[in-house]
Every structure is written in C-alpha cells, then in structure tokens.
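Colleague: The numbers in the working numbering rise by one with no breaks, and the one at position 106 of the sequence shown is 457.
Just so it is clear, CB atoms sit at the ideal spot from N, CA and C, and this is done for glycine as well.
Predicted model, so just to flag it, every value in this text is computed and none were measured.
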Amino acid sequence: MSSGPGATAASRVDITPEAAALVAQLVEQHGPVMFHQSGGCCDGSSPMCFPDGDFITSEADVLLGEVAGAPFWMSASQYEYWRHTHLTVDVVKGRGAGFSLEAPEGVRFLIRSRLLTDAEVALAEPGRGSS
C-alpha cells in the first residue's frame, strides 16, 4: 500500500459472510441498520445493531466504515483504545445483553480484531461527525 497520491484509505472494519447474511435478514425485517460500539458496560465489547438513525451519533463518535451496507460507528473514547486494530464483525450462537436487533434470533454479533500493519495505519483515518 502507498500513502502517496491516489492511495485509498485502508479498511478499518469488515464483516464475515455469516454476519453479512444476518445483516441482510435484519434489513429485510427492520429496514436499513447501523452498528455502534461504545465500550461501555453490558456487552460493551460487542457491536450493537440498531435501525439506522435510532442511535444518535455525534462528534463523540467515529465512523469506521461500512459493513454489509451498514455504517459502523464507535465512541471516540473507545476508538482511542482500538485505533491500531482492524475489526471484523462476526456472529455466534447465544444471546448477548443489550438491545441489539439480532438478540431475538438467538445469535449475537461480536468483534474479532487484529493489529493494523504499518502501511494500513498510514492510510486509515476514520471520519467523525453526526448522522
């Protein structure tokens, strides 16, 4: 990867095929969705999936990218801990805590992570803002 002219931003977040299929199912049931990961209590390390716009974002949130057509937001304070990682949204059996849309399906989203390479760090700058 290059950080020169024409370089594209490195991906900060991705999704497994199984999780993407679940997102498609949730979109069919609820309309467009979004993810937010706060890092707070009660499954704070698990991304929460909401109908798009039901979780209000602000300057205190960082847009990491899109997964399966859904924006993926993280609280800025949590981002400070995860800024050198690439996240992958996955899904596993079992019910997590919280109000995430997948809970009634008997599954929960979770995050798998790896460190970004030096080249990815140079290209990966997420956006901040409100939705």
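Residues in its own chain within less than 8 Å of LEU466 by CB, not counting five upstream and five downstream?
Modeller: HIS435, THR436 and HIS437
Colleague: When we look at the beta-carbon of PRO398 and count the other beta-carbons within 10 Å, is it buried (16 or more) or exposed?
Modeller: So PRO398 counts as buried.
Colleague: Rounded to whole angstroms, how far is the Cβ of VAL413 from the Cβ of TRP424, which I believe are closer than 8 Å?
Modeller: 7 Å
Colleague: Thinking C-alpha only, which one of ILE407, VAL472, SER464 and ARG459 is nearest VAL374?
Modeller: ARG459
Colleague: Out of SER396, PHE386, GLY416 and ALA454, which one is the CA nearest neighbour of ILE407?
Modeller: The residue with the shortest Cα to Cα distance from ILE407 is PHE386.
Colleague: Should ALA411 and ALA421 be called a contact, given that it needs their Cβ atoms to be closer than 8 Å?
Modeller: no
Colleague: Tell whether a beta-carbon distance below 8 Å holds between ASP365 and VAL418.
Modeller: Cβ atoms of ASP365 and VAL418: closer than 8 Å.
Colleague: Indicate the three-state DSSP secondary structure (helix, strand or coil) for LEU377 in the structure shown.
Modeller: helix
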